[in-house]
Amino acid sequence: MRSYYEATARERLAGILDAGSLREILPPTERITSPHLRALDLPTAFDDGVVIGEAALDGLPVLVAAQEGGFMGGAVGEVQGAKIVGLLERARDARVAGVVLLLESGGVRLQEANAGLIAVSEIIRAICAVRAAGIPVVAAIGGQYGCFGGMGIAAGCCSAVVMSEEGRLGLSGPEVIETAHGVDEFDSRDRALVWRTVGGKHRFLLGDCSLIVDDRQDAFRAAIAQALRRGDRLDLAAVEREHALLAARLDAYGQCADGEDIWRAMGFEAPQEVPMLATDVLVAATESRRAA
Amino acid sequence: MDWQRVAAALFPGGHQIAAHDDLLSGTARCGDTELAVIGSTHHAEAGVEIALAMARLVIATVRDHPGRPILFLVDTSGQRLRHRDELLGINRYMAHLAQCVEVARQRGHTVVALVYDQALSGGFLASGMMADLCAALPDAEIRVMNLAAMARVTRLPEERLRALAATSPVFAPGAINYVRMGAIDALWEDDLAGHLACALRDAPTSDTRRALGQARGGRVLAAPVAARAATE
Numbered sequence: 000m001r002s003y004y005e006a007t008a009r010e011r012l013a014g015i016l017d018a019g020s021l022r023e024i025l026p027p028t029e030r031i032t033s034p035h036l037r038a039l040d041l042p043t044a045f046d047d048g049v050v051i052g053e054a055a056l057d058g059l060p061v062l063v064a065a066q067e068g069g070f071m072g073g074a075v076g077e078v079q080g081a082k083i084v085g086l087l088e089r090a091r092d093a094r095v096a097g098v099v100l101l102l103e104s105g106g107v108r109l110q111e112a113n114a115g116l117i118a119v120s121e122i123i124r125a126i127c128a129v130r131a132a133g134i135p136v137v138a139a140i141g142g143q144y145g146c147f148g149g150m151g152i153a154a155g156c157c158s159a160v161v162m163s164e165e166g167r168l169g170l171s172g173p174e175v176i177e178t179a180h181g182v183d184e185f186d187s188r189d190r191a192l193v194w195r196t197v198g199g200k201h202r203f204l205l206g207d208c209s210l211i212v213d214d215r216q217d218a219f220r221a222a223i224a225q226a227l228r229r230g231d232r233l234d235l236a237a238v239e240r241e242h243a244l245l246a247a248r249l250d251a252y253g254q255c256a257d258g259e260d261i262w263r264a265m266g267f268e269a270p271q272e273v274p275m276l277a278t279d280v281l282v283a284a285t286e287s288r289r290a291a
Numbered sequence: 000m001d002w003q004r005v006a007a008a009l010f011p012g013g014h015q016i017a018a019h020d021d022l023l024s025g026t027a028r029c030g031d032t033e034l035a036v037i038g039s040t041h042h043a044e045a046g047v048e049i050a051l052a053m054a055r056l057v058i059a060t061v062r063d064h065p066g067r068p069i070l071f072l073v074d075t076s077g078q079r080l081r082h083r084d085e086l087l088g089i090n091r092y093m094a095h096l097a098q099c100v101e102v103a104r105q106r107g108h109t110v111v112a113l114v115y116d117q118a119l120s121g122g123f124l125a126s127g128m129m130a131d132l133c134a135a136l137p138d139a140e141i142r143v144m145n146l147a148a149m150a151r152v153t154r155l156p157e158e159r160l161r162a163l164a165a166t167s168p169v170f171a172p173g174a175i176n177y178v179r180m181g182a183i184d185a186l187w188e189d190d191l192a193g194h195l196a197c198a199l200r201d202a203p204t205s206d207t208r209r210a211l212g213q214a215r216g217g218r219v220l221a222a223p224v225a226a227r228a229a230t231e
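From first to last, the protein sequence lines stand for chains E and V. Mapping of the first sequence onto numbering that gives the first Met the number 0: position 92 corresponds to residue 91, and the numbering continues sequentially without gaps. Mapping of the second sequence onto numbering that gives the first Met the number 0: position 60 corresponds to residue 59, and the numbering continues sequentially without gaps.
1. Against chain E, with Cβ distances strictly below 8 Å, would V73/V count as a contact?
2. Reducing DSSP to helix, strand and coil, say where T207/V ends up.
3. Pick out the complete beta strand (DSSP E) segments inside the segment 112–198 of chain V, 3 residues or longer, and give them in chain order.
4. Chain E partners of G121/V, CB-CB under 8 Å?
5. Please state the DSSP three-state secondary structure of I117/E.
6. I236/V and V238/E: beta carbons closer than 8 Å?
7. Measuring only between beta-carbons, confirm whether A226/V sits less than 8 Å from chain E.
8. Does the Cβ of Q98/V have 16 or more other Cβ atoms within 10 Å, making it buried, or fewer, making it exposed?
9. Below 8 Å between beta carbons: does that hold for A81/E and A225/V?
10. Within the 8 Å Cβ cut-off, does A253/E reach chain V?
11. List in chain order: all unbroken alpha helix (DSSP H) runs of 4+ residues lying wholly within the segment 113–160 of chain E.
12. If you measure between the beta carbons of R28/V and G38/V, is that distance less than 8 Å?
13. Less than 8 Å between CB atoms is the rule here; does K200/E satisfy it with respect to chain V?
14. For E23/E, which beta-bridge partners are listed by DSSP?
15. Please confirm whether Q105/V and A153/E have their CB atoms less than 8 Å apart.
16. With 8 Å as the threshold, decide whether the Cβ of P34/E is near any Cβ in chain V.
17. First and last residue of the beta strand (DSSP E) that includes D92/E?
18. Can you grab the Cα-Cα spacing for the pair G253/E / W262/E, in whole Å?
19. What does the Cβ neighbour count give for M275/E, buried or exposed, with the cut at 16 atoms within 10 Å?
20. Say whether chain V places a C-beta atom closer than 8 Å to the C-beta of I51/E.
21. Just by C-beta distance, which residues in the segment 84–99 of chain V are closer than 7 Å to chain E?
22. Given a limit of 7 Å on CB to CB distance, which residues of the segment 176–188 of chain V reach chain E?
23. Run down chain V in chain order and give the residues with a C-beta less than 9 Å from the C-beta of F185/E.
24. So with Cβ pairs under 8 Å, would you call R28/V a contact of chain B?
25. Within 8 Å (strictly less), CB to CB, does V143/V reach chain E?
26. Where do the N-terminal and C-terminal ends of the beta strand (DSSP E) with A59/E fall, by residue?
27. Take T153/V as the anchor and find which of A74/E, E88/E, D231/E and R167/E has the nearest alpha-carbon.
28. Closer than 7 Å by beta-carbon distance: list the chain E residues that pair up with Q105/V, in chain order.
29. List the whole-angstrom C-beta distance separating Y144/E from G76/E, where the pair is believed to meet the contact cut-off of C-beta under 8 Å.
30. Between E239/E and chain V, is the shortest Cβ-Cβ distance under 8 Å, so that the two count as touching?
31. Output yes or no for whether 8 Å exceeds the beta carbon distance between V280/E and A222/E.
32. DSSP state of I69/V, grouped into three classes?
33. Using the Cα positions of P223/V and F267/E, report the straight-line distance between them to the nearest angstrom.
34. If you count every other CB in all the chains shown that lies within 10 Å of the CB of G58/E, and 16 or more means buried, which is it?
35. Quick one: which chain E residues come within Cβ less than 7 Å of T153/V?
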């Protein structure tokens with residue numbers, strides 16, 4: 000499977016990790032399923048929609064979690080959340096180069112309501128604690144369901160985010176916003192608008208993902224390895240830098256109504272052409288603008 | 000619930016907390032301890048501006064008043080559901096606030112939160128749910144979404160969800176269910192000042208919510224599954 004977008008969680012792990020290096024923790028043979036889904040007579044999964052394990056990536060020892068979008072859109076329930084949280088806690092004791100999170104999630108699994116929300120909160124807190132210990136946490140986003148809800152916050156807490164153009168990252172999904180405020184606020188069926196708002200290219204131009212890659216497993220692998228090697232520590236200096244960046248963003252683009260307005264303000268003279276740019280052209284154009 | 004009544008009960012000796020639009024900020028004393036108070040009111044919609052403003056207050060406390068405990072007063076109707084906030088990357092603004100709270104914790108600031116009115120999903124994740132200890136008033140409304148909306152999104156019959164909510168804390172809104180699941184340490188009644196003093200003294204520095212949920216019987220799998228994932 001060459002495409003990251005079309006791959007399952009397990010195919011992605013096979014594509015980005017060193018061959019044969021994955022030792023899965025709590026594999027499907029353990030059959031730890033969601034009691035809350037069972038109570039609703041809904042289908043369960045023997046891995047509860049996430050694969051976790053120890054592995055190597057480009058020779059680096061890593062801990063890894065991969066959410067399966069094919070199971071309830073990757074939504075987080077009690078068991079799935081606990082698996083990810085446990086993996087993150089493991090990072091603080093293990094000698095690893097970092098934690099890799101292949102995120103694909105609509106956020107809280109509504110069928111587990113309160114348990115899902117608390118689980119997402121525990122993931123967010125665990126990511127922050129791992130980074131505060133000086134261990135990088137790298138997120139990859141490039142699947143069909145994107146990364147939304149509380150898992151969008153979780154991605155924002157990571158050391159680095161790797162995305163493809165096809166990836167989407169946000170908090171409230173377009174359908175949720177359309178339901179709340181109508182089609183004039185956000186037309187969720189306007190695919191171009193959705194991608195201009197939450198798609199990989201816009202996220203890269205804003206700096207919300209630090210590396211953008213083509214939709215290929217080997218491209219994700221190389222970018223994740225690069226992000227892991229950069230290292231990272233969450234501390235006061237890091238949040239002060241982040242604060243300056245986010246305050247400047249609000250000043251510069253707070254009045255913009257569309258992605259194209261932001262890209263024009265960034266210096267793209269023909270912002271309507273940005274969605275058509277090849278990834279390498281986009282990266283080069285962005286780097287030259289940042290340098291200027 | 001009016002924030003001024005809550006503040007008066009928390010700080011009978013007076014306080015210097017002020018509201019600027021939906022944002023609460025200021026200082027107050029609990030015994031001999033000076034606190035930084037950060038919060039929101041009017042069921043604030045948590046958009047990029049308020050997330051950034053709260054983050055600024057946390058950073059200023061860490062930088063200018065090392066070790067000063069922080070109290071979050073939570074009243075939010077959830078994240079702002081607008082195209083503009085998504086365009087600007089609201090998830091990263093929320094993540095920034097969460098990271099600021101983590102940095103405060105790492106540098107020895109005790110962080111306590113009190114849900115005094117509403118706490119809905121996204122608006123709660125980056126503030127109250129990042130605290131060392133989160134408490135709630137008995138009438139506080141804490142939930143992901145209401146049962147009617149949950150029924151619509153999940154395509155499950157609302158009667159079914161109502162029946163389950165009667166017996167399971169997982170589906171039912173309400174602060175008491177979050178107590179049973181370990182996410183809320185306790186409901187604070189009567190002597191709010193006394194509860195706050197105890198919380199500042201006893202707040203754990205690691206995430207104990209799974210263990211609490213298991214001990215209280217409301218969330219029994221999270222703790223053992225996480226422990227196995229961490230060690231096996």
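By construction, the Cβ of each residue, glycine as well, lies at the ideal position given by its N, Cα and C atoms.
On the basis of the data shown:
1. no
2. coil
3. Runs of the beta strand (DSSP E) inside the segment 112–198 of chain V: 132–135 and 140–142.
4. When 8 Å is used as the limit between beta carbons, G121/V is near these residues of chain E: G148, G149, I152, L170 and S171, in chain order.
5. In the three-state scheme derived from DSSP, where H, G and I count as helix and E and B as strand, I117/E is classed as helix.
6. Any property of residue 236/V remains undetermined from this structure, which presents chain V solely from 0 to 231.
7. yes
8. buried
9. yes
10. First, the residue type needs correcting, since residue 253/E is Gly and not Ala in the sequence shown. At least one beta carbon of chain V lies nearer than 8 Å to the beta carbon of G253/E.
11. Taking only runs of at least 4 residues, the alpha helix (DSSP H) segments lying wholly in the segment 113–160 of chain E are 149–155.
12. No.
13. Answer no: the Cβ-Cβ gap between K200/E and chain V never drops below 8 Å.
14. G52/E, per the DSSP bridge assignment.
15. no
16. By this cut-off, P34/E is an interface position.
17. That residue, D92/E, is in no beta strand (DSSP E); its alpha helix (DSSP H) goes E77 to D92.
18. 13 Å
19. exposed
20. yes
21. E85, L86, L87, G88, I89, N90, R91, Y92, M93, A94, H95, A97, Q98 and C99
22. N176, Y177, M180 and A182
23. Near F185/E (Cβ distances below 9 Å), the residues of chain V are L80, R81, H82 and E85.
24. Checking the listed chains, one finds no chain B in this structure; the protein chains it contains are E and V.
25. yes
26. Ala is not the amino acid found at residue 59/E; the sequence shown has Leu there. L59 to Q66 is the extent of the beta strand (DSSP E) around L59/E.
27. A74/E
28. A131
29. The pair is not a contact, with the Cβ atoms about 15 Å apart (cut-off 8 Å).
30. Yes, E239/E counts as interfacial toward chain V.
31. No.
32. strand
33. 52 Å
34. G58/E is exposed by the Cβ-count criterion.
35. L109 and Q110
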